[in-house]
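K.L.:
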């Protein structure tokens, strides 16, 4: 039996969660406790959920990045992966979500977005109307806000999947973190091309791995050398002694969407992680 066949068999036998997500209301304790709880309970059939919230909310200048987002959606579909992401409808983020919904259905995608961003994101109805089209009407369901502005609202199905609207960024990160930590074997984080927000999310989850808060892989989908600069900086920091050699391997590079899921499944934590007590039970 070939190695590639064994990897694909393992991917299909479980569910993956990917994403850059965090918990910020007592974040370290909540997230680590959640990870321990689910880590003990997760079985062979735990749903694999993907959350590349680390990707651009714009398309960028090179069409290769939009093509990559679509190709990654096809990989998720083939391997029964659920996507949890930042809820955007534009750019790489929106293209990834929309493509996966078209292939796997709306239950395959769960977006989590702060209410402040809803006001500027296309595809949302901010009038809090009760009436909206249903799937049976032949139209995509409107993403309608029906809750007060300071509450969390779960919206119906749309071309971008299921959406939860939350009051703030902290709640968004907490909810996404819980879903990532609860994912099955091979869960982790994937970053496509993006800007400041993407870098922030990648670096935070990398730091959390180093601190021992989570044990999940972080994959940079490095198309056309987009992440070469960051990867080069990591190696420079290792050379200068600011990052340990083992921790320099926390970030994993993939140059093709087909490499992402196998790399997450094969990921093993580095020996250089800090063995800290974050208050887990």
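In my numbering, the protein residues as written are 12 to 292. Ideal Cβ placement from N, Cα and C applies to all residues, glycine included.
1. Buried or exposed for residue 282, going by 16 or more other Cβ atoms inside 10 Å?
2. What does DSSP give as the partner residues of residue 169 in its beta bridges?
3. In the DSSP output, what is residue 229 paired with across the bridge?
4. Is residue 128 helix, strand or coil by DSSP?
5. Distance check for residue 234 and residue 75, CA to CA, integer angstroms please.
6. So who's on the other strand from residue 122, going by DSSP bridges?
7. I need the boundaries of the alpha helix (DSSP H) containing residue 239, first residue and last residue.
8. Would you kindly work out how many angstroms separate the C-alpha atoms of residue 32 and residue 96, rounded to a whole number?
9. For residue 238, collect the residues of the same chain with a Cβ closer than 6 angstroms to its Cβ; drop the 5 residues on either side in sequence, then sort them by chain order.
10. Need the endpoints of the alpha helix (DSSP H) that residue 102 sits in, please.
11. Using 8 angstroms as the cut-off, can you tell me whether the segment 77-88 makes contact with the segment 104-121, which would need three or more C-beta pairs spanning the two stretches below that distance?
12. Can you tell me whether DSSP reads residue 188 as helix, strand or coil?
13. What does residue 164 pair with, by DSSP beta-bridge criteria?
14. Beta-carbon within less than 6 angstroms of residue 259's beta-carbon, same chain only, minus the 5 sequence neighbours each way: which residues are those?
15. Whole angstroms are fine: how far does the CA of residue 120 sit from the CA of residue 221?
16. In angstroms with no decimal places, state the Cα-to-Cα distance between residue 214 and residue 179.
17. Identify the continuous alpha helix (DSSP H) that holds residue 272 and give its terminal residues.
P.N.:
Reading from the atomic positions:
1. To locate residue 282, count along the chain shown from 1; it is residue 271. Result: exposed.
2. For the purposes of this step, residue 169 is identified with residue 158 of the chain shown, where counting begins at 1. BP columns for residue 169 point to 172.
3. Residue numbering aside, residue 229 sits at position 218 when the chain shown is read from its first letter. Answer by DSSP bridge pairing, in chain order: 200 and 262.
4. Taking the chain shown and counting its residues from 1, the one referred to as residue 128 is at position 117. If DSSP states are grouped into helix, strand and coil, residue 128 belongs with the helices.
5. Along the chain shown, read from residue 1 onward, the residue named residue 75 stands at position 64. Along the chain shown, read from residue 1 onward, the residue named residue 234 stands at position 223. Distance between the alpha carbons of residue 75 and residue 234 is about 8 angstroms.
6. As a first step, residue 122 must be located in the chain shown, where it is residue number 111. Residue 122 is bridged to 96 and 174.
7. Position 228 of the chain shown, counting from 1, holds the residue named residue 239. Here the alpha helix (DSSP H) through residue 239 covers 239-250.
8. Taking the first residue of the chain shown as 1, we reach residue 32 at position 21. Taking the first residue of the chain shown as 1, we reach residue 96 at position 85. Confidence in residue 32 is poor, its pLDDT being 34 and thus under 50, which makes the residue's placement unreliable; the coordinate value appears in the next sentence. Approximately 9 angstroms between the Cα atoms of the pair.
9. For the purposes of this step, residue 238 is taken as residue 227 along the chain shown, with counting starting at 1. Answer for residue 238: 231, listed in chain order.
10. Along the chain shown, one-based indexing puts residue 102 at 91. Per DSSP, residue 102 belongs to the alpha helix (DSSP H) from 102-115.
11. yes
12. Here residue 188 corresponds to residue number 177 of the chain shown, with the count starting at 1. Residue state, collapsed to three classes: helix.
13. Within the chain shown, the letter at position 153 stands for residue 164. Looking at the DSSP assignment, residue 164 forms a beta bridge with 176.
14. Counting from one through the chain shown, the residue named residue 259 turns up at place 248. Counting only Cβ-Cβ distances below 6 angstroms, and skipping sequence neighbours, we find 245 and 249.
15. Numbered from its first residue, the chain shown carries residue 221 at position 210. Numbered from its first residue, the chain shown carries residue 120 at position 109. Distance between the alpha carbons of residue 221 and residue 120 is about 29 angstroms.
16. The residue given as residue 214 occupies position 203 in the chain shown. The residue given as residue 179 occupies position 168 in the chain shown. Approximately 20 angstroms, taken between the alpha carbons.
17. Mapped onto the chain shown, residue 272 falls at position 261. Looking at the DSSP string, the run of the alpha helix (DSSP H) that includes residue 272 is 268-277.
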